[in-house]
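A.B. asks: To start, I am sharing the structure in question, which I have written as structure tokens.
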Amino acid sequence: MQNLLHNLNPEQLAAVTLPPQNALILAGAGSGKTRVLTTRIAWLIQTGQVSPAGVLAVTFTNKAAKEMLARLGAMMPINTRGMWVGTFHGLCNRLLRTHYKDAALPQTFQILDSQDQLSMIKRLLKANNIDDEKFPPKQVMYFINNNKDQGLRASQVEAYDALERKLVELYQLYDDQCQREGVVDFAELLLRTYELLSRNEPLRQHYQQRFRHILVDEFQDTNNLQYAWLKLMAGHGSPFGGALFAVGDDDQSIYAFRGANVGNMQAFESEFRVQNLIKLEQNYRSHGHILDAANLLISNNSRRLGKNLRTDAGHGEPVRVYEASSDLQEAQWIIEEAKARIAEGATRREIAILYRSNAQSRVIEHALFSAGMPYHVYGGLRYFQRAEVKHAIAYLQLMDNPHNDSAFLRVVNFPARGIGARSIEQLQNAAAAYNCSLYAAVPYMVGKAGSALAGFTKLIEGVRFETQQLALPELVRITLDSSGLLQHYQNEKEGADRVENLEQMVSAATQFVSEEGFGQGAPAHLGPQASATAGAQVVVADGVEIIDADAPLASVMSPLSAFLSHASLEAGDNQAQEGQDALQLMTVHSAKGLEFDNVFITGLEEGLFPHESSSKEDGGVEEERRLMYVAITRARKRLYMSFCQTRMLHGQTRYNMKSRFFDELPEESLKWLTARVQQGNWFSTGSRKSAWDEMPSVPSADNRLAARINQASGASLGWRIGESVAHAKFGEGVIINIEGSGANCRAQINFGKSGIKVLDLSVAKLERV
DNA sequence: AGCAGCTTCGCGCAA
DNA sequence: CGAAGCTGCT
1 MQNLLHNLNP
11 EQLAAVTLPP
21 QNALILAGAG
31 SGKTRVLTTR
41 IAWLIQTGQV
51 SPAGVLAVTF
61 TNKAAKEMLA
71 RLGAMMPINT
81 RGMWVGTFHG
91 LCNRLLRTHY
101 KDAALPQTFQ
111 ILDSQDQLSM
121 IKRLLKANNI
131 DDEKFPPKQV
141 MYFINNNKDQ
151 GLRASQVEAY
161 DALERKLVEL
171 YQLYDDQCQR
181 EGVVDFAELL
191 LRTYELLSRN
201 EPLRQHYQQR
211 FRHILVDEFQ
221 DTNNLQYAWL
231 KLMAGHGSPF
241 GGALFAVGDD
251 DQSIYAFRGA
261 NVGNMQAFES
271 EFRVQNLIKL
281 EQNYRSHGHI
291 LDAANLLISN
301 NSRRLGKNLR
311 TDAGHGEPVR
321 VYEASSDLQE
331 AQWIIEEAKA
341 RIAEGATRRE
351 IAILYRSNAQ
361 SRVIEHALFS
371 AGMPYHVYGG
381 LRYFQRAEVK
391 HAIAYLQLMD
401 NPHNDSAFLR
411 VVNFPARGIG
421 ARSIEQLQNA
431 AAAYNCSLYA
441 AVPYMVGKAG
451 SALAGFTKLI
461 EGVRFETQQL
471 ALPELVRITL
481 DSSGLLQHYQ
491 NEKEGADRVE
501 NLEQMVSAAT
511 QFVSEEGFGQ
521 GAPAHLGPQA
531 SATAGAQVVV
541 ADGVEIIDAD
551 APLASVMSPL
561 SAFLSHASLE
571 AGDNQAQEGQ
581 DALQLMTVHS
591 AKGLEFDNVF
601 ITGLEEGLFP
611 HESSSKEDGG
621 VEEERRLMYV
631 AITRARKRLY
641 MSFCQTRMLH
651 GQTRYNMKSR
661 FFDELPEESL
671 KWLTARVQQG
681 NWFSTGSRKS
691 AWDEMPSVPS
701 ADNRLAARIN
711 QASGASLGWR
721 IGESVAHAKF
731 GEGVIINIEG
741 SGANCRAQIN
751 FGKSGIKVLD
761 LSVAKLERV
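The numbers in the first sequence follow UniProt numbering, run straight up by one, and end at 769.
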């Protein structure tokens with residue numbers, strides 16, 4: 001016990017040992033937040049205040065949940081598998097599997113990812129003859145998800161004009177279709193659970209009484225539905241309630257786009273009459289200059305709860321800033337710097353390269369690949385999102401729930417088996433006429449198309465029958481074979497990678513079965529009934545018998561259902577070369593919660609970071625600033641920032657200005673690696689080297705670009721494309737094009753806020769910035 | 001029916 | 001730039 005609380009600072013200790021009441025912990029980046037959370041749980045259990053089964057801990061990512069369980073296991077000799085630690089989505093999935101009847105879902109309901117959801121909406125629009133110009137599928141999806149995130153069903157949404165009424169109508173049609181198919185989207189997992197618990201009193205009371213302590217990580221990222229869900233679970237306003245322990249940092253709220261509401265922190269404080277508010281401001285992660293940069297940057301935001309990080313670590317290295325001529329050269333520079341760090345003894349996994357959007361990784365990946373530098377990309381196209389794996393998953397889904405139309409359409413003619421667009425159209429008409437799934441509509445089809453389709457359903461049923469008594473890995477293997485998928489890719493010229501990915505599914509299944517505590521040989525299809533008595537706890541509340549949705553998963557769902565949930569909810573984040581010492585590439589979003597000795601924040605350009613669409617949104621720039629804050633605070637020892645004069649974006653060269661965030665950082669903590677040309681005309685003073693001259697060896701494409709630009713500058717009175725300039729009236733801008741020569745030389749300049757202007761270079765009074 | 005090759009479109013982060 | 005969707009050929 002002493003051991004447990006050992007080494008905690010006074011604030012951390014206070015947080016860990018708070019009485020069993022609602023509490024809000026404002027935990028700055030690197031302040032030992034996860035440590036406080038896990039130690040709190042361990043302390044509660046060790047002091048006998050709660051049993052492991054009485055704890056509910058909620059996180060946003062699977063990674064965070066896993067880490068919490070691992071740390072708990074290290075602190076106490078308990079079996080953490082039975083504990084309720086997970087993501088909102090994972091926990092809801094477990095609850096809905098257990099109480100599927102009360103939730104009005106089929107036992108084998110399946111989870112739609114956003115891809116599936118979008119394609120379903122497209123189908124829906126087509127089937128109802130709705131103009132997808134007027135109702136872009138993405139917008140319809142946004143409308144639906146947004147309302148679900150607010151806890152609103154179609155019948156509860158208020159529509160003020162014809163357009164909204166139509167959207168509401170589509171929302172209803174969409175939900176009906178999901179129900180018919182037995183599928184739920186991500187938001188539905190939460191909403192359905194919320195509705196289940198709010199309508200079913202015995203069930204609600206059961207869980208409220210069970211969970212004495214509810215702990216929430218990253219509370220600033222909760223959306224309104226998640227907050228309401230927590231309120232319900234914590235029994236707020238009921239005599240059964242437990243204590244809610246929320247840990248969050250308003251400065252790291254970066255998920256507004258998926259409905260997160262920082263206001264939940266203040267709401268929680270007042271609604272739950274929180275007496276215990278503790279700020280953790282001591283940072284154990286970053287050196288001084290890095291922290292100073294983070295603090296000054298974030299001070300530009302308004303409406304903060306107020307918090308300032310401090311460190312005892314000393315100033316450390318300054319933040320290094322680099323201006324690259326192009327995105328290619330930026331990548332080149334990163335590699336040079338990374339090599340230098342590695343030569344000094346840094347490991348590759350302690351070097352992170354962060355970017356604002358996934359598309360930026362391509363150039364960097366290409367450069368790393370050419371340089372033979374091992375790297376690992378997080379996010380991006382995950383294992384279970386790859387086309388071939390999704391195909392295989394679709395076959396498995398059909399085996400478990402043949403009424404999943406998305407799965408049906410994905411593979412009904414893949415590999416090709418003579419079922420074309422025309423047959424599908426007929427089948428869809430039949431399904432609409434009989435108000436049933438595509439699978440169920442097959443018997444209504446006649447003729448050639450009918451027999452081809454019947455062949456397909458026979459295939460599915462055959463495999464299902466054949467594998468009835470087999471364990472999950474065998475089921476997967478046989479499915480890959482019988483579906484013809486494996487053979488299809490084996491025959492394909494460049495299908496080797498895909499075959500490998502498919503074969504990896506068998507090992508993924510093997511690993512899954514053992515990790516989740518299913519018996520090695522447990523039949524994949526077998527419903528939970530057979531094993532229900534083994535794990536599930538049956539309790540009686542108010543005379544109503546309740547099967548508690550307790551771990552292990554085996555007690556509430558079949559191995560196959562569980563595996564499919566796993567594929568949807570985890571998407572196989574780290575399936576790729578784990579354990580290898582590689583550079584870490586990821587978006588700033590996915591870097592949240594992680595830390596590295598060396599961090600590169602790349603592409604710090606206006607339009608990219610902050611992202612251009614953020615300026616149109618209310619509070620968008622503040623969110624981008626928080627995102628930048630998250631990025632900076634990932635670094636322990638060394639932080640790099642870079643931006644490019646030219647960048648390939650959406651297939652064309654763009655000339656961006658450096659990010660406004662540079663103006664919000666403490667000058668004394670920065671070290672510019674490239675000459676800041678503000679101090680004079682570096683073009684005419686031969687002595688001063690420019691950023692361009694200092695370039696390390698660059699790819700030929702870049703040389704060509706540099707040559708082209710230099711050529712342009714000869715006839716353009718010393719100005720060149722990509723250069724930053726200042727104009728008395730228009731402010732700062734970037735030269736994006738130069739036309740003509742000599743006295744007729746004109747430049748097209750992007751002045752950002754003032755727009756793009758064409759100025760006569762012999763007349764305009766421009767200054768170099 | 002099925003595929004190659006062409007055009008068009010859209011493009012931010014993600015459980 | 002890349003994915004999705006369309007056309008027209010076999």
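Virtual Cβ for every residue (Gly too), placed ideally from N, Cα, C.
Which residue from Asp581, Gln748, Met628 and Ile601 puts its Cα closest to that of Arg654?
C.D. replies: Selected option, being the one with the closest Cα: Gln748.
A.B. asks: Taking only runs that begin and end inside the segment 179–246, name each unbroken beta strand (DSSP E) of 3 or more residues, in chain order.
C.D. replies: You should have 213–216.
A.B. asks: Counting Cβ pairs, one atom from each stretch, are 3 or more of them under 8 angstroms apart for the segment 631–646 and the segment 593–604?
C.D. replies: Taking 8 angstroms as the limit for Cβ pairs, the verdict is that the segment 593–604 does touch the segment 631–646.
A.B. asks: Take every Cβ of the segment 21–32, pair it with every Cβ of the segment 245–255, and state whether three or more of those distances are shorter than 8 angstroms.
C.D. replies: These segments touch.
A.B. asks: Quickly, what does DSSP pair Met586 with across the bridge? List them, please.
C.D. replies: In the DSSP output, where bridge partners are listed per residue, Met586 has Leu354.
A.B. asks: Identify whether Trp84 lies in helix, strand or coil by the three-state DSSP scheme.
C.D. replies: Strand.
A.B. asks: Nearest-angstrom Cα distance between Gln139 and Leu118?
C.D. replies: Straight-line Cα distance between these residues: approximately 10 angstroms.
A.B. asks: Would you give the residue range spanned by the beta strand (DSSP E) that residue 791 belongs to?
C.D. replies: A query on residue 791 cannot be resolved here, the shown segment of the chain reaching from 1 to 769 and no further.
A.B. asks: Along the chain, where does the alpha helix (DSSP H) that runs through Phe643 open and close?
C.D. replies: Per DSSP, Phe643 belongs to no alpha helix (DSSP H); it is in the beta strand (DSSP E), Ala635 to Leu649.
A.B. asks: Just the C-alpha distance for Pro473 and Ser514, rounded to the nearest angstrom, thanks.
C.D. replies: Roughly 11 angstroms separates the two Cα atoms.
A.B. asks: Under 8 angstroms: do the segment 7–17 and the segment 36–48 share three or more Cβ pairs, one atom per stretch?
C.D. replies: Touching, yes, given that three or more Cβ pairs across the two stretches are closer than 8 angstroms.
A.B. asks: Cutting at 6 angstroms between CB atoms, please list the residues of its own chain near residue 770, excluding the five before and the five after it.
C.D. replies: Residue coverage of the chain in this structure runs from 1 to 769, which leaves residue 770 outside it and unanswerable.
A.B. asks: Taking only three categories from DSSP, how would you classify residue 800?
C.D. replies: A question about residue 800 goes unanswered here, because the residues of the chain that appear run from 1 up to 769.
A.B. asks: Over the uninterrupted alpha helix (DSSP H) stretch that includes Leu486, give me the two end residues.
C.D. replies: First-last of the alpha helix (DSSP H) with Leu486: Leu485 to Asn491.
A.B. asks: Which partner residues of Leu277 appear in the DSSP bridge assignment?
C.D. replies: Paired residue(s): Leu24.
A.B. asks: List the endpoints of the continuous beta strand (DSSP E) containing Ile364.
C.D. replies: It is not in any beta strand (DSSP E) - Ile364 instead sits in the alpha helix (DSSP H) that spans Ser361 to Ser370.
A.B. asks: So, helix, strand or coil for Asp760, using DSSP?
C.D. replies: Strand at Asp760.
A.B. asks: How many angstroms separate the CA atom of Asn147 from the CA atom of Ala524?
C.D. replies: One C-alpha to the other measures close to 36 angstroms.
A.B. asks: Pull up the distance between the alpha-carbon of Tyr395 and that of Asn404, whole angstroms please.
C.D. replies: Each residue's alpha carbon lies about 10 angstroms from the other.
A.B. asks: Nearest-angstrom Cα distance between Pro106 and Leu475?
C.D. replies: When rounded, the distance between both Cα atoms is 22 angstroms.
A.B. asks: If we count the other Cβ atoms within 10 Å of its Cβ and call it buried at 16 or more, is Gly418 buried or exposed?
C.D. replies: It is exposed - the Cβ of Gly418 has fewer than 16 other Cβ atoms within 10 Å.
A.B. asks: Pick helix, strand or coil for Thr674, following the three-state DSSP scheme.
C.D. replies: It is coil, neither helix nor strand.
A.B. asks: Looking at the structure shown, is Glu606 part of a helix, part of a strand, or coil, going by DSSP?
C.D. replies: Note: Glu606 maps to coil in three-state DSSP.
A.B. asks: In chain order, what residues of the same chain have a beta carbon less than 8 angstroms from the beta carbon of Phe211, not counting five sequence neighbours either side?
C.D. replies: Same-chain partners within the cutoff: Gly54, Val55, Leu56, Trp84, Met233, Ala234 and Gly242.
A.B. asks: If you compare alpha carbons, which of Val262, Leu673, Ala29 and Glu500 is closest to Ser286?
C.D. replies: Among Val262, Leu673, Ala29 and Glu500, the Cα nearest to that of Ser286 belongs to Ala29.
A.B. asks: Which residue or residues does DSSP assign as beta-bridge partners of Thr347?
C.D. replies: Answer is none; Thr347 lacks a bridge partner.
A.B. asks: Using the three-state DSSP reduction, which class does Ala576 fall into: helix, strand or coil?
C.D. replies: Note that Ala576 has pLDDT 49, beneath the 50 cutoff, so the model's placement of it is unreliable and the number below is only indicative. Correct three-state label for Ala576: coil.
A.B. asks: If I measure Cβ to Cβ from Ser482 and keep anything under 6 angstroms in the same chain, skipping five residues before and after, which residues do I get?
C.D. replies: Cβ within range, chain order: Val463.
A.B. asks: Relative to the C-alpha of Pro77, which candidate in Tyr489, Ile130, Gln46 and Asn224 has its C-alpha closest?
C.D. replies: Nearest C-alpha to Pro77: Gln46.
A.B. asks: Note down the Cα distance separating Asn681 from Met641, rounded to an integer number of angstroms.
C.D. replies: Residue placement at Asn681 is flagged as unreliable, the pLDDT there being 34, under the threshold of 50; the coordinate-derived value follows with that caveat. Computed Cα separation, rounded: 24 angstroms.
A.B. asks: Which residue or residues does DSSP assign as beta-bridge partners of Asn737?
C.D. replies: Asn737 pairs with Gln748.
A.B. asks: Go to Ser514, then tell me how far its beta strand (DSSP E) extends in each direction, as first and last residue.
C.D. replies: Premise fails: Ser514 lies in the alpha helix (DSSP H), Ala496 to Glu515, not in any beta strand (DSSP E).
A.B. asks: Thinking C-alpha only, which one of Asn308, Thr80, Glu337 and Glu723 is nearest Ala65?
C.D. replies: Looking at the Cα atoms, Thr80 is the closest of the given residues.
A.B. asks: By DSSP, does Ser482 sit in helix, in strand, or in coil?
C.D. replies: Three-state result, Ser482: helix.
A.B. asks: Mapping DSSP to helix, strand and coil, what is Glu133?
C.D. replies: Reduced to three states, the DSSP call for Glu133 is coil.
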